[in-house]
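Student: Chains as they are written, first to last, in our numbering: chain A, 265 to 608; chain B, 383 to 757. Even for Gly, the Cβ is constructed at its ideal location relative to N, Cα and C. My structure is below; once you've seen it, I'll send some questions.
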């Protein structure tokens, strides 16, 4: 190829790229990506905030978090399938969803409390790596138990549990017209749900007395102890809370056709959750929220480029991990992190 | 009695994966830096061997001797480790684990979508171009080579007049030879002054620095050495199986398996992870569906008798079905339980505990007792 020809080829490629960029920058496409990104951010903040709560106070990186999310997806789905008998209306289905959500939250919080008291409490005197190891072993056990149950009851002929997906109200599957762009009702629901969770957790942490104790415990566990507060019990509560939020996230994921209830969901949610909490700064709730928006937006943008222009299936996922790597290189403590977090 | 021993196929897997677990222990057990993305090097080695055999690596002929391929795969991993390590060793603790995990996941997702590697990258490539088997031995001297592989390998008959080996047994010994050489090499490095610095880093990095060691270069060097042997392990795996997939090479749960082996065998005892993985595979095989070498399921089926097996326990569930449900292919559950029990109650692992009891490395202690040395 002569120099001229290669220049020409480059120009053609660049023209193609400029064209694609022009497409991407059109208002309706940008708006669609924005809504999609916010919906994804809603999911990411759900799967990551439990993890960051636990790490922030206890310094325990909970590898079993993804498994708890996965169990939440199945439990939430089971309860929904049980409650939604015939065809019910939008309002009734939504009501059942919140019943299922509350039940899943409670059950997972119970599991979290048992795990903290029964297992993790034994390890506070050891180096922190042992807590990672223990929770890693826990994921193996939990995943396999769920797999046995799922196989035994013949719940899962396909990878996504269709029965659970089917309990979604019809209105959430339809498109909603927002002027320049029409988006799926589920996306709007996820945005609303994520926002409500963030608001709720924020209010709990900053406005309630127990939230204050949790924040005090994560700032200085010894001083909090000296003030007469049983930090060990706070640990249990926070671990239960984190597990409960993971379960709630699972219940939300069960409805999303891109995720659904399946055993591999454990690993599929664990890694993005790690990415989000590390970008935001391990243990900072504010950072987790900001990072979830960043990761959600990146995911949505890259998904658009993959669907429309770039033929590489792994593009969105790879970009997410690249952000993690770049973030750790530039600012290891994360966006809002401090040098040292956690302590006991 | 024979039923208790694992099958030869299992033992081959124990050898190459045990080598990978040892290489993981070499960096994580001795420096204390949890390399959670170690599968990247295992995968790089495995993919290198398969891609080179398909003529997809420039300048490497498809019929290059397997031993040379292993060494080249190791060197590729060394380069990769230097690149990843140069960035990652600025961090420590959880952050180091996370950045290495991040790098390996980037590679995993990339390979899973890379259609140059295989026509269906999600399933991974198989050796297609190269028809002659992979041989372990002295490159260029045919009589000093024996081929490995389940179907493609050599078999030996009438060695020393009486010994006969099938293809899998030959693979077992030849892969074992490579693993043994790698083990001795790593052990030599651990017991050198270089290795002592690694332990010093694990025990107290600040003090090691204060004494005057530039710990960054030591860690990077150890990472590169570890990556080399991880890639050799991956190459052995690819050479034996003749096909690889992203899931069994680059995925982060592959590192998880190495971690499992290291904890059960003994963290920071180079040979321990091999025993750990042997233990793990034995449990898996003991609980496996077919259990050709014995196993719990066939045993129970045989000895419980028809009446017991069809006894109804609960709501139409028979004993036989219960056994099937809880044992059939669910070894992971019991391995997980064992792992958690080890973390809680046997933090030094199998070999570490034995060494603690004896008061030093097993070989030395046994020799000392035999000689009748005074304590």
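Exposed or buried, what is residue 708 of chain B when buried is set at 16 or more other beta-carbons lying within 10 Å of its beta-carbon?
Tutor: By the neighbour-count rule (16 or more Cβ atoms within 10 Å), residue 708 of chain B is not buried but exposed.
Student: Figure out for me which residue from A:291, A:283, A:310 has the closest Cα to the Cα of residue 537 of chain A.
Tutor: Per the Cα distances, A:310.
Student: Within the same chain, show all residues whose beta-carbon is closer than 6 Å to that of residue 620 of chain B, passing over the 5 residues directly before and after it, in chain order.
Tutor: Cβ neighbours of residue 620 of chain B beyond the five flanking positions: 428, 431, 432, 626.
Student: Could you list which residues in chain A have their beta carbon closer than 7 Å to that of residue 477 of chain B, in chain order?
Tutor: 592, 596, listed in chain order.
Student: My assumption, with CB atoms under 8 Å, is that residue 495 of chain B sits in contact with residue 576 of chain A. Please give the rounded CB distance.
Tutor: Sure, about 5 Å apart at Cβ, within 8 Å.
Student: Alpha helix (DSSP H) containing residue 566 of chain B: first to last residue?
Tutor: Residue 566 of chain B -> alpha helix (DSSP H) spans 549-572.
Student: Listed in chain order, which residues of the stretch 393-408 of chain A have Cβ atoms closer than 7 Å to some Cβ of chain B?
Tutor: Residues 393, 394, 397, 398, 400, 401, 402, 404, 405, 408.
Student: Just checking my contact of residue 634 of chain B with residue 418 of chain B at CB under 8 Å: how many whole Å lie between their CB atoms?
Tutor: Going by Cβ atoms, the distance from residue 634 of chain B to residue 418 of chain B rounds to 7 Å, so yes, they are a contact pair.
Student: Below 8 Å, can you find three or more Cβ-Cβ pairs linking the stretch 516-528 of chain A to the stretch 377-394 of chain A?
Tutor: No, the stretch 516-528 of chain A does not touch the stretch 377-394 of chain A.
Student: Helix, strand or coil, according to DSSP, for residue 767 of chain B in the structure here?
Tutor: Past the boundaries of the shown model lies residue 767 of chain B; chain B is included only from 383 to 757, so the question cannot be answered.
Student: By the DSSP assignment, the alpha helix (DSSP H) with residue 401 of chain A in it spans what residues?
Tutor: Segment 393-416, the alpha helix (DSSP H) holding residue 401 of chain A.
Student: Alpha carbon to alpha carbon, how far is residue 490 of chain A from residue 599 of chain A? Give it in angstroms, no decimals.
Tutor: Approximately 31 Å, taken between the alpha carbons.
Student: Thinking C-alpha only, which one of B:651, B:452, B:655, B:578 is nearest residue 516 of chain B?
Tutor: For the residues B:651, B:452, B:655, B:578, the minimum Cα distance to residue 516 of chain B belongs to B:452.
Student: Hey, is the stretch 503-519 of chain B in contact with the stretch 436-454 of chain B, meaning 3+ C-beta pairs nearer than 8 Å?
Tutor: With a cut-off of 8 Å, the stretch 436-454 of chain B and the stretch 503-519 of chain B count as touching, because enough Cβ pairs lie within range.
Student: Between the alpha carbons of residue 606 of chain A and residue 467 of chain A, how many angstroms are there, rounded?
Tutor: Since pLDDT at residue 606 of chain A reaches only 41, below the 50 mark, its modelled position is unreliable, and the value read off the structure follows with that caveat. Cα to Cα, residue 606 of chain A sits roughly 21 Å from residue 467 of chain A.
Student: To the nearest angstrom, how far is the alpha carbon of residue 342 of chain A from that of residue 527 of chain B?
Tutor: If I take the Cα positions, the gap works out to 59 Å.
Student: With DSSP collapsed to three states, give me the class of residue 751 of chain B.
Tutor: Reduced to three states, the DSSP call for residue 751 of chain B is helix.
Student: Given that residue 311 of chain A touches chain B, what residues does it touch there, using C-beta distances under 7 Å?
Tutor: What residue 311 of chain A touches in chain B: nothing, since even the nearest Cβ is about 16 Å away.
Student: What does a CB cutoff of less than 8 Å around residue 358 of chain A pick up in its chain, not counting 5 residues either side in sequence?
Tutor: Excluding residues within five positions, the ones whose Cβ falls inside 8 Å are 433.
Student: In chain A, which residues lie less than 8 Å from residue 715 of chain B when you measure between Cβ atoms?
Tutor: Ordered by position in chain A, the residues that pass the 8 Å Cβ test against residue 715 of chain B are 404, 405, 408, 409, 412.
Student: Cα separation between residue 564 of chain B and residue 643 of chain B?
Tutor: Between residue 564 of chain B and residue 643 of chain B, the C-alpha separation is close to 18 Å.
Student: Going by DSSP, what residue range makes up the alpha helix (DSSP H) through residue 630 of chain B?
Tutor: Looking at the DSSP string, the run of the alpha helix (DSSP H) that includes residue 630 of chain B is 628-631.
Student: Residues bridged to residue 300 of chain A by DSSP?
Tutor: Partner(s): none; residue 300 of chain A has no beta bridge.
Student: Report the partner residues of residue 495 of chain A according to the DSSP bridge assignment.
Tutor: Note: residue 495 of chain A sits in no beta bridge, so no partner.
Student: Closest to residue 453 of chain A by C-alpha separation, out of A:302, A:505, A:534, A:526, would be which residue?
Tutor: Ranking the options by Cα distance to residue 453 of chain A, first place goes to A:302.
Student: By the criterion of Cβ-Cβ separation under 7 Å, what are the contact partners of residue 578 of chain A in chain B?
Tutor: What residue 578 of chain A touches in chain B: 491, 492, 494, 495.
Student: According to a CB-to-CB cut-off of less than 8 Å, which residues of the stretch 540-572 of chain A neighbour chain B?
Tutor: Residues 542, 546.
Student: Would you check if there are 3 or more beta carbon pairs closer than 8 Å linking the stretch 364-374 of chain A to the stretch 436-446 of chain A?
Tutor: No, because fewer than three Cβ pairs between the stretch 364-374 of chain A and the stretch 436-446 of chain A fall closer than 8 Å, the two stretches do not touch.
Student: Interface residues of chain B around residue 228 of chain A at Cβ under 8 Å?
Tutor: Because chain A in this structure spans residues 265 to 608, residue 228 of chain A falls outside the shown range and cannot be described.
Student: With distances taken from CA atoms, which of A:415, A:315, A:448, A:566 is nearest residue 327 of chain A?
Tutor: Residue A:315 is the option with its Cα nearest to residue 327 of chain A.
Student: State yes or no: is the C-beta of residue 337 of chain A within less than 7 Å of the C-beta of residue 505 of chain A?
Tutor: Cβ distance not < 7 Å, so residue 337 of chain A and residue 505 of chain A don't count as in contact.
Student: When Cβ atoms are compared, which residues of the stretch 627-644 of chain B fall closer than 9 Å to chain A?
Tutor: Going along the stretch 627-644 of chain B in chain order, one finds 633, 634, 635, 638, 641, 642 with a Cβ nearer than 9 Å to chain A.
Student: Against chain B, does residue 378 of chain A count as a neighbour if the rule is that its beta carbon must be under 7 Å from one of theirs?
Tutor: Answer no: the Cβ-Cβ gap between residue 378 of chain A and chain B never drops below 7 Å.
Student: Checking contacts by CB at 7 Å: is residue 469 of chain A closer than that to chain B?
Tutor: Judged by the 7 Å Cβ criterion, residue 469 of chain A is not in contact with chain B.
Student: Starting from the beta carbon of residue 712 of chain B, find every residue of chain A whose beta carbon is closer than 8 Å, and list them in chain order.
Tutor: Near residue 712 of chain B (Cβ distances below 8 Å), the residues of chain A are 408, 411, 412.
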